[in-house]
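Have a look at the structure below, then the notes.
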Amino acid sequence: MASRVLVADVLGFSRLVSNLDHEALESRIGTWVDLIEDISRGTEVRNIQVISDTLFVQEDGCASGLERLLLFSKNLLEHGLANSFPIRGAISEGDVTWGKLTYGKALIKGHTLERLQD
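So in this note's numbering, spot 65 of the sequence shown is number 126, and the numbers just go up one at a time.
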């Protein structure tokens, strides 16, 4: 299915995991997850998968899907920084199969673009 996908990553997350004790780390991760859920509710974006600090968000390829994805991205950047989560990400377009196993060219392209950001 033709989609647009955001792939985003928290910069410095490995240092957080390495430097925080278990209780502090759980609290920090809870803040990260709550942030994503709040932004999702506010933008009505539904297809979200989180693996550690990496976030995958899928929206339809239509104009309204792009608007929701851009708003989600904007809010993630703004609220992420406000909560000391600097975000690096990219949006790509293409076929994606979303489910228990999510895959597709758009995910690979988005992940590659995200990693190339400096």
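For each residue, glycine too, the CB sits at the ideal point set by N, CA and C.
Since the model is a prediction, treat every value here as computed from it, not as a measurement.
Any non-hydrogen atom of the ligand NAP closer than 8 Å to residue i Cβ
i: Ala167; result: For the ligand NAP, the structure offers nothing, since it holds no ligand at all.
Assigned secondary structure, residue i (DSSP; H/G/I helix, E/B strand, else coil)
i: Asn136; result: helix
i: Leu116; result: strand
First and last residue of the uninterrupted alpha helix (DSSP H) at residue i
i: Gly91; result: 83-104
i: Arg107; result: Where Arg107 is concerned, there is no enclosing alpha helix (DSSP H), given that its DSSP letter is neither H nor E.
i: Ser64; result: First-last for Ser64: 63-71, but that is the beta strand (DSSP E), not the alpha helix (DSSP H).
i: Leu177; result: 166-177
i: Ser182; result: This structure cannot settle anything about residue 182, because the visible part of the chain is limited to 62 through 179.
Reference residue i, options the options, closest by Cα
i: Phe74; options: Asp114, Ala85, His83; result: Asp114
i: Ala69; options: Val118, Glu154, Asp95; result: Val118
i: Ile148; options: Val71, Ala63, Val66; result: Val71
i: Leu132; options: Ala143, His172, Thr104, Ile109; result: Thr104
i: Ser125; options: Leu138, Asp82, His140, Val106; result: Val106
i: Glu98; options: Leu81, Ala63, Gly141, Ser79; result: Gly141
i: Gly171; options: Glu154, Ser101, Asn80; result: Glu154
C-alpha gap between residue i and residue j, whole angstroms
i: Gly157; j: Trp93; result: Rather than Gly, the amino acid found at residue 157 in this sequence is Val. Approximately 25 Å, taken between the alpha carbons.
Residue i: first and last residue of the uninterrupted beta strand (DSSP E) it sits in
i: Ser153; result: 148-156
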